[in-house]
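Going by my numbering, the first residue of the sequence shown is number 192, and it counts up by one from there.
Heads up, the beta-carbon is just placed ideally off N, CA and C, and yes, glycines get one too.
Note that the structure is predicted; figures quoted are calculated from it, not measured.
Structure record follows, encoded as structure tokens.
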Amino acid sequence: MSLHSHGVGQQKSSLVLEAAQRAAAYIESSRERGVFPTEEALADLKSFPRELRDGPVPAGEVLAMLDELGSPATVAATGGRYFGFVNGGTDPAAAAAAVLAGAWDQNAALPVMSPTAALLDEIAARWCLQLLGLPETVVAAFCSGATIANLTCIVAARDALLRRAGWDLDRYGLAGSPPLRVVASEEIHASVSKALRAAGIGTAQVASAPTDDRGRVLVERFPPVDDLTLVLLQAGNVNTGHSDPFGALIPMVHSKGGWVHVDGAFGLWAGASPSQRHLVEGVDLADSWASDGHKWLNTPYDCGIVICRDPENLRRTMAFQAAYLDGDARRVASELGLQMSQRARGVEVWAVLASRGRAGVAEMIDRSCGHAARMADMLEAAGAQILAPQALNQVLVRFDDDETTDAVLAAVQEDRTCWAGGTVWRGRRAMRISVCDDSTTADDITAAAQAIIRCWKRRGDAPALSTRSDHAHE
Ligand SMILES: *Cc1c(COP(=O)(O)O)cnc(C)c1O
Numbered sequence: 192m193s194l195h196s197h198g199v200g201q202q203k204s205s206l207v208l209e210a211a212q213r214a215a216a217y218i219e220s221s222r223e224r225g226v227f228p229t230e231e232a233l234a235d236l237k238s239f240p241r242e243l244r245d246g247p248v249p250a251g252e253v254l255a256m257l258d259e260l261g262s263p264a265t266v267a268a269t270g271g272r273y274f275g276f277v278n279g280g281t282d283p284a285a286a287a288a289a290v291l292a293g294a295w296d297q298n299a300a301l302p303v304m305s306p307t308a309a310l311l312d313e314i315a316a317r318w319c320l321q322l323l324g325l326p327e328t329v330v331a332a333f334c335s336g337a338t339i340a341n342l343t344c345i346v347a348a349r350d351a352l353l354r355r356a357g358w359d360l361d362r363y364g365l366a367g368s369p370p371l372r373v374v375a376s377e378e379i380h381a382s383v384s385k386a387l388r389a390a391g392i393g394t395a396q397v398a399s400a401p402t403d404d405r406g407r408v409l410v411e412r413f414p415p416v417d418d419l420t421l422v423l424l425q426a427g428n429v430n431t432g433h434s435d436p437f438g439a440l441i442p443m444v445h446s447k448g449g450w451v452h453v454d455g456a457f458g459l460w461a462g463a464s465p466s467q468r469h470l471v472e473g474v475d476l477a478d479s480w481a482s483d484g485h486k487w488l489n490t491p492y493d494c495g496i497v498i499c500r501d502p503e504n505l506r507r508t509m510a511f512q513a514a515y516l517d518g519d520a521r522r523v524a525s526e527l528g529l530q531m532s533q534r535a536r537g538v539e540v541w542a543v544l545a546s547r548g549r550a551g552v553a554e555m556i557d558r559s560c561g562h563a564a565r566m567a568d569m570l571e572a573a574g575a576q577i578l579a580p581q582a583l584n585q586v587l588v589r590f591d592d593d594e595t596t597d598a599v600l601a602a603v604q605e606d607r608t609c610w611a612g613g614t615v616w617r618g619r620r621a622m623r624i625s626v627c628d629d630s631t632t633a634d635d636i637t638a639a640a641q642a643i644i645r646c647w648k649r650r651g652d653a654p655a656l657s658t659r660s661d662h663a664h665e
């Protein structure tokens, strides 16, 4: 080893150690601080230099700047009282694995690039299928999130349906192809609409399936389907937590020759809990599924899961034609998704599952469902309206009217005891509380519910504020 490389290695290892110490201090403080950064911390972000320097700065100074300016202005998403969007916390084993895997810097594209990453990817994918109640002949692969998982499955479905119709897709692409149809729940997530657009499917090709007051597709009003139809359903409505009636719909679609894809970004994990499983009954009948590790499973970002019943349908669409990749019968991550080079996401998924086991994952799911139910009970007891019967880890709540609901949202976000975002449900403003961080305790729920109620009862005392980052779609 040269003197230079020895020195670089030493410097790197002591910096990583310092980073781990700073990370540990951050984790310890994240339960104590307000959930959203203070105005002071936000103002300090201005001290990050905007101009790229000419010369180098010692890496230790860069790390210190990140921690001193960056850490205080983060949102305490892992501190137990963040209920915004459907953002997960981080499992302890996964957070630790991420530190080690960061040092490994493995590219999981091909098995030869990392035997460890390839093995853990394969094991973690199989464990996910077992937990979700899907057959092991199905293929699961990790990607950057449910948006990409939805896109990947939609493209695989599109290709399979057109091939079955005798269309030479490899040669002609979509130009002049038989007309593909899509039937999508009217409650489909915004990321699915985006994926459809990216897959070359226009809105004129999409028929909308009406839903009930919980956001579930109505079987009796389901549009007609045929053997060129892709049906898009969901496990876990982002607002209500309710799922579509898979058992009634999927066999019907299959009898006509159509393909059913299920967006189960968080809701698919209900299948890992014996007490919640009935809410996604029949979901195992679908042809493809999209889910997330970084939401309810509490892996770090970014981790989504692509799942396809027939591995060949996914592989045909995602394989490279390049000769150097041919003839490898092993599982090749980059032939199961859009990315070539990729983070070894399977390592963190493996760590969560290895650490918790089957019962531990079920307990994690049950715990957040229990927290959400108690949150709904406390708010309802105080006189708030629960807009759809509480399901899974989601609570959809409204305070008096639109104006009051917005005022409560703004006051809660300003209060910083917890954080919850706004949404619109059936034309009415609502607050959505999503319990996705397994570090949330019963005391966190009590403190958060009390803060929300306090903000509601006290409204009028404080000046009106505007709500932050208010997106109905995540
Ligand atoms: C969050 C979410 C998505 C998008 O997932 P990303 O991981 O953010 O890409 C899609 N569908 C549903 C139901 C979601 O909750």
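Straight-line spacing of the CA atoms in R617 and P436 works out to 20 Å. When only Cα atoms are considered, L291 and E219 end up about 19 Å apart. Relative to G495, the option among G279, L325, A400 whose CA is nearest is G279. Taking 4 residues as the minimum length, the alpha helix (DSSP H) runs contained wholly in the region 264-331 are 283-295, 306-323, in order along the chain. Going by beta carbons, V474 and G462 fall inside the 8 Å limit. In the structure shown, the three-state DSSP call for M569 is helix. In the displayed model, D475 falls within a helix according to three-state DSSP. Rounded to the nearest angstrom, the gap between the Cα atoms of T596 and A347 is 42 Å.
S335 places its beta carbon 8 Å or farther from that of D591.
Beyond the five residues adjoining it in sequence on each side, A309 comes within less than 6 Å, by CB distance, of P302 in the same chain, given in chain order. Annotation: R617 is outside any beta strand (DSSP E) and is labelled neither H nor E by DSSP. Nearest Cα to A215 within the set A287, E378, T608: A287. Of the heavy atoms belonging to ligand 1, none sits nearer than 7 Å to the Cβ of Q201. Proximity to E411 across T508, D418, L419, P401 peaks at P401, based on C-alpha coordinates.
Short note on Q530: C-beta not closer than 7 Å to any heavy atom of ligand 1. For Q425, the Cβ falls inside the 7 Å cut-off from some heavy atom of ligand 1. When only Cα atoms are considered, P369 and V422 end up about 17 Å apart. Less than 8 Å separates the beta-carbon of L311 from that of W541. The beta carbon of V373 is closer than 8 Å to those of L387, I392, Q396, V397, A398, T420, L421, V422, L423 in its chain, skipping five residues each way along the sequence. Short of 7 Å from the beta carbon of L236, and not among the five residues preceding or following it, lie these beta carbons of its own chain, in chain order: L260, A264. The count of Cβ pairs closer than 8 Å, one atom from the region 523-540 and one from the region 351-371, stays below three, leaving the stretches out of contact.
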